[in-house]
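Residue numbers (the numbering used here), protein chains in the order written: chain R, 119 to 429; chain X, 119 to 429.
Each residue gets a CB set at the ideal place from its N, CA and C atoms; glycine is no exception.
Remember, predicted model here, so these are calculated numbers, not experimental data.
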């Protein structure tokens, strides 16, 4: 059932999120024409080679001309500059959105450049893989994942409703949230966990008495899951931590407090405290499966080396 | 190609690891008869119902009688008591092994009970899922995963070679390692990551301004991976931390040191340090995929909600 929502959509930045948006929009016929721009000529060439976007433009200005929706898919730290570049070329009545993992900083950087008569509806799809780049996208990335819309004050409800329809058409569930609350929730569910995973992987690499090859060979569940997280795009994550500093530091503070309590329980041999704590954490996992955010199949339904599902 | 290695194998404890061993042994025809015992009558009934083991016994003594191989598949903290219980009933020339995640503590607890003329070859298969219990096992769990053998001094090389053949027959790659080094390597690759994941999940649950339902709904990659780890068996993990205390505390110390350095980089806005760190951690992930410990498919090859592979 093809249901066009925007005549022309412009994707600025062509990584995992943008390329998956293109394939998801095509799958459902949500856009008449999709233009694309990436700063790197190599990325633009790759996009043309694999048929990513209907038209790849050599400038952002060209890409956004006549677009009904412009989606900024660049690292959070680059949003402001890109918004400034494209502002003079935006079509009156067009909507500008983004896919940044942090929302308050993006709003502060982008909103001042949005011209009169252009709508700005920030968004954040909660989906991704450890892969990045124009070739990493796939149409199913957003299926049954959440996309959070963070409309700024005074946003036209119709512009928000239209963007919601686009994300729902790409398979996502959509919620609206205030920017500051979004940044706190994501600090808990994504940003701090990523920093912790990066740290643990770094510790393993530093350790003298355990070789990298041992770490690599013997990393069963646990460390292996951390390395997947820690393989995510460094530039994107640098910007996330620099722009969601306060919430991340608050959650980190609570984390180290809790960690020290468990560390003390280990040191003093308090098995009851450890058992109680580990029992409590099981419930949340069940909830996540019930919420449809993951599969109940063992090992995430990971395929075994034999190619058979691990079930 | 059926290739029997032991005439009779006894599995003491019938959780994920033991039940997967049974199905893997059956798949390859590695054992003539497999007996099983679990302390809980409910577990024994379930095992009988689903056809787990050729014969379920109501006492450990009965299960080990005449067994050529006895594998202790109970939590690390229970190994010593179980070894003491079965010692009088072990067949001369039999081999006792285990599957504990910690090896020095298991050796200290079990070795004193092993009678003259019985071999003791500790082992640790590096495989698992977040599920537990007799119904959670499957034949492919050990395919292309590592199993570490930790023979104690003076062990008959033939007994070790025979156990190696069993694990290889169940699909695993086998290495031998010293007990103390094993415990350090696992503290890095598994034990500390698990404690960290448990902690982060607990923090999310404690946070007042973010509801559990928000944490659950919006946990994209990152936190979701942590919750899988943190859903593992509480008793098993309590025992791991109590019995691998020194190595875990050492790695935890290094971890917090590194974490504070990154926290400081965030606070001071040192984007270069963050970017350099995150870039370095990417390499280890590549190595793990090359080592065949994981799939390169996005999201671990997790199936999307639509049932299509996320590729």
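Problem - Segment contact, 8 angstroms Cβ cut-off, at least three pairs: the region 313 to 331 of chain X with the region 215 to 235 of chain X - result: No, the region 313 to 331 of chain X is not in contact with the region 215 to 235 of chain X.
Handout entry: Close-in-space but distant-in-sequence residues of the same chain around residue 369(R) (CB under 7 angstroms, 5 per side omitted)
Key = Taken in chain order, the residues that qualify are 305, 306 and 310.
Practice task
Step through the CB atoms of chain X and report whether any lies within less than 8 angstroms of the CB of residue 341(R).
Solution key: Using a CB distance cut-off of 8 angstroms, residue 341(R) counts as an interface residue toward chain X.
Practice task
In the DSSP assignment, find the unbroken alpha helix (DSSP H) run with residue 166(X) in it and report its ends.
Solution key: Unbroken alpha helix (DSSP H) run through residue 166(X): 159 to 168.
Practice task
Excluding the 5 residues preceding and the 5 following residue 245(R) in the sequence, name in chain order all residues of the same chain whose CB lies nearer than 7 angstroms to its CB.
Solution key: Closer than 7 angstroms at the Cβ level, and outside the excluded window around residue 245(R), lie 259, 260 and 263.
Handout entry: Euclidean distance between Cα positions of residue 121(X) and residue 148(X)
Key = The straight-line gap from Cα to Cα measures roughly 6 angstroms.
Practice task
Any chance you could list the alpha helix (DSSP H) runs of at least 4 consecutive residues sitting entirely within the region 275 to 325 of chain R, in chain order?
Solution key: Scanning the region 275 to 325 of chain R for uninterrupted alpha helix (DSSP H) segments of 4 residues or longer gives 275 to 287, 297 to 304 and 310 to 324, listed from N- to C-terminal end.
Exercise for the section: From the DSSP output, read off the bridge partner residues of residue 243(X). Expected result: BP columns for residue 243(X) point to 265(X).
Problem - Check whether residue 237(R) and residue 300(R) have beta carbons under 8 angstroms apart - result: No.
Problem - Rounded separation between residue 205(X) and residue 343(R) - CA only - result: Near 39 angstroms, if we compare the C-alpha coordinates of residue 343(R) and residue 205(X).
Exercise for the section: Can you give me, in chain order, the residues of the region 133 to 163 of chain R that have a beta carbon less than 8 angstroms from any beta carbon in chain X? Expected result: For the region 133 to 163 of chain R, the set of residues with a beta-carbon nearer than 8 angstroms to any beta-carbon of chain X is empty.
Practice task
Measuring only between beta-carbons, confirm whether residue 200(X) sits less than 8 angstroms from chain R.
Solution key: Contacts with chain R at 8 angstroms (Cβ-Cβ) do not include residue 200(X).
Problem - Nonlocal neighbours in the same chain, by C-beta distance under 7 angstroms from residue 164(R), ignoring five residues either side - result: Excluding positions up to five away in sequence, the list reads 252 and 253.
Handout entry: chain A contacts from the region 271 to 283 of chain X (Cβ-Cβ distance under 7 angstroms)
Key = Absent from the structure is chain A; the protein chains it does hold are R and X.
Practice task
Kindly indicate which three-state DSSP category residue 395(X) falls into: helix, strand or coil?
Solution key: Residue state, collapsed to three classes: helix.
Problem - Positions along the region 371 to 384 of chain X whose CB lies within less than 7 angstroms of some CB in chain R - result: Those residues of the region 371 to 384 of chain X that come within reach of chain R (Cβ to Cβ, closer than 7 angstroms) are 372, 373, 374, 376, 377, 380, 381 and 384.
Exercise for the section: Compare the Cα-Cα distances from residue 144(X) to each of 207(X), 128(X), 160(X) and 171(X) and report the closest residue. Expected result: The candidate whose alpha carbon is nearest that of residue 144(X) is 171(X).
Exercise for the section: Report buried or exposed for residue 396(X), applying the criterion of at least 16 other Cβ atoms within 10 angstroms of its Cβ. Expected result: Around the beta-carbon of residue 396(X), 16 or more other beta-carbon atoms lie within 10 Å, marking it buried.
Problem - When 154(R), 321(R), 375(R) and 224(R) are compared against residue 178(R), the one with the closest alpha-carbon - result: Among 154(R), 321(R), 375(R) and 224(R), the Cα nearest to that of residue 178(R) is on 154(R).
Exercise for the section: Take the Cβ of residue 363(R) as the centre, count every other Cβ of all protein chains shown within 10 Å, and call the residue buried at 16 or more, exposed below. Expected result: Per the 10 Å Cβ criterion, buried.
Exercise for the section: Tell whether a beta-carbon distance below 8 angstroms holds between residue 345(X) and residue 346(R). Expected result: In terms of Cβ geometry, residue 345(X) and residue 346(R) do not form a close pair [threshold 8 angstroms].
Handout entry: Which residues DSSP lists as bridging residue 213(X), in chain order
Key = DSSP output for residue 213(X) lists 187(X) and 237(X) as bridge partner(s).
Practice task
Flag this pair as touching only if the region 381 to 394 of chain X and the region 208 to 218 of chain X have three or more C-beta atom pairs under 8 angstroms; answer yes or no.
Solution key: Flag = no, the region 381 to 394 of chain X and the region 208 to 218 of chain X do not touch.
Practice task
Please name the residue, chosen from 176(X), 180(X), 273(X) and 156(X), that lies closest to residue 196(X) on a Cα-to-Cα basis.
Solution key: Here the closest residue by C-alpha is 156(X).
Handout entry: DSSP-derived helix/strand/coil call for residue 258(R)
Key = Annotated three-state conformation of residue 258(R) is coil, per DSSP.
Handout entry: Coarse secondary structure for residue 403(X), derived from DSSP in three states
Key = In the structure shown, residue 403(X) sits in a helix (DSSP, three-state: H, G or I).
Handout entry: heavy atom of the ligand FMN below 7 angstroms from residue 327(R) C-beta
Key = This structure lacks the ligand FMN; in fact it carries no ligand of any kind.
Problem - Cβ separation of residue 228(X) and residue 185(X), assumed to be a contact under 8 angstroms, to the nearest whole Å - result: At roughly 16 angstroms, the Cβ-Cβ gap does not stay under 8 angstroms, so residue 228(X) and residue 185(X) are not in contact.
Practice task
Output yes or no for whether 8 angstroms exceeds the beta carbon distance between residue 356(X) and residue 387(R).
Solution key: In this structure, residue 356(X) lies away from residue 387(R), with their beta-carbon atoms at least 8 angstroms apart.
Practice task
Confirm, please, whether the CB-CB distance from residue 250(X) to residue 133(X) is below 8 angstroms.
Solution key: For residue 133(X) and residue 250(X), yes; Cβs fall inside 8 angstroms.
Problem - Beta bridge counterpart(s) of residue 149(R) as assigned by DSSP - result: Beta-bridge pairing links residue 149(R) to 124(R).
Problem - DSSP-derived helix/strand/coil call for residue 389(R) - result: Helix at residue 389(R).
Exercise for the section: Could you work out which residues of chain R lie near residue 294(X), taking near to mean beta carbons separated by less than 8 angstroms? Expected result: Within chain R, no residue comes near residue 294(X); the closest Cβ sits about 13 angstroms away, beyond 8 angstroms.
Problem - C-alpha distance - residue 354(X) paired with residue 257(X), whole-angstrom precision - result: Their backbone Cα atoms lie some 21 angstroms apart in a straight line.
Problem - Contact with chain X by residue 426(R), beta-carbon distance below 8 angstroms - result: Because residue 426(R) carries a pLDDT of 32, less than 50, the predicted location of this residue cannot be relied on, and the following value inherits that uncertainty. For residue 426(R), the answer is yes, since a Cβ of chain X falls inside 8 angstroms of its Cβ.
Problem - Helix, strand or coil at residue 382(R) [DSSP, three-state] - result: In this structure, residue 382(R) counts as helix in the three-state DSSP scheme.
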